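Q: Please read through the structure below; I'll follow up with questions.
Residue numbers (the UniProt record's numbering): 1 to 78.
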């Protein structure tokens, strides 16, 4: 599928649900979902995002909110 075709499909899907959507939004969502579901950041970085440098991924996914931090602490030390 070409970039233009993908862009068009995503834009149309966004219009159906009344939101402005870009292909990059889906990429970011997939990476965030995988990371927050427990996928190691190294896998998210290399496989999903195909970043050459882990620090690029950490810049976007390295931020954890308080609720998420508490959930992980409870999971680890429950």
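Cβ coordinates follow ideal geometry from the N, Cα and C atoms, glycine included.
On a predicted model such as this, the values are computed, not experimentally measured, just so you know.
Rounded to a whole number of angstroms, what is the C-alpha to C-alpha distance between residue 51 and residue 24?
A: Counting from one through the chain shown, the residue named residue 51 turns up at place 51. Counting from one through the chain shown, the residue named residue 24 turns up at place 24. Using only the alpha carbons, I get a separation of about 14 Å.
Q: Residue 61 and residue 44: beta carbons closer than 8 Å?
A: Taking the chain shown and counting its residues from 1, the one referred to as residue 61 is at position 61. Taking the chain shown and counting its residues from 1, the one referred to as residue 44 is at position 44. Cβ distance < 8 Å, so residue 61 and residue 44 count as in contact.
Q: If you draw a straight line from the alpha carbon of residue 5 to that of residue 72, how long is it in whole angstroms?
A: Locating residue 5 in the chain shown gives position 5, where the first residue counts as 1. Locating residue 72 in the chain shown gives position 72, where the first residue counts as 1. If I take the Cα positions, the gap works out to 40 Å.
Q: In angstroms with no decimal places, state the Cα-to-Cα distance between residue 26 and residue 2.
A: Counting from one through the chain shown, the residue named residue 26 turns up at place 26. Counting from one through the chain shown, the residue named residue 2 turns up at place 2. Computed Cα separation, rounded: 16 Å.
Q: Looking at C-alpha atoms only, which residue of 38, 12, 68, 28 is the closest neighbour of residue 49?
A: What you label residue 49 is simply residue 49 of the chain shown in a count that begins at 1. Closest by alpha carbon: 28.
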